[in-house]
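Okay, structure first, notes after.
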Amino acid sequence: MAGHNVTIEKLPSGKYACFLHIEGKPEPIHLGKEFKDEERAENWLNVSESVTAVEMMLQKHRAS
Numbered sequence: 177m178a179g180h181n182v183t184i185e186k187l188p189s190g191k192y193a194c195f196l197h198i199e200g201k202p203e204p205i206h207l208g209k210e211f212k213d214e215e216r217a218e219n220w221l222n223v224s225e226s227v228t229a230v231e232m233m234l235q236k237h238r239a240s
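Just so you know, my numbering puts 179 at position 3 of the sequence shown, and the rest follows in order with no gaps.
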């Protein structure tokens, strides 16, 4: 399996979102949630919903 990491980035709208970076893929993948501040985004990364989102994206992109 390729290496991966998740970053929190500020969007042009001023909100924050989590992005999955997969080794060998040129573009990061938006994990589908946006937050009012960076702290809320960080907290989301500690819940099972984020783990599920990352696992689903890894499976989807592993097949392609």
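For every residue, glycine included, the Cβ atom is placed at its ideal position computed from N, Cα and C.
When C-alpha distances from ALA239 are compared across LEU187, ALA193, LYS201, the shortest belongs to LYS201.
When only Cα atoms are considered, PRO188 and ALA217 end up about 16 Å apart.
The beta carbon of GLY208 lies closer than 8 Å to those of ALA229 in the same chain, with the five residues before and after it left out. Rounded to the nearest angstrom, the gap between the Cα atoms of MET233 and PHE195 is 11 Å. The C-alpha of GLU185 is placed about 16 Å away from the C-alpha of ILE198.
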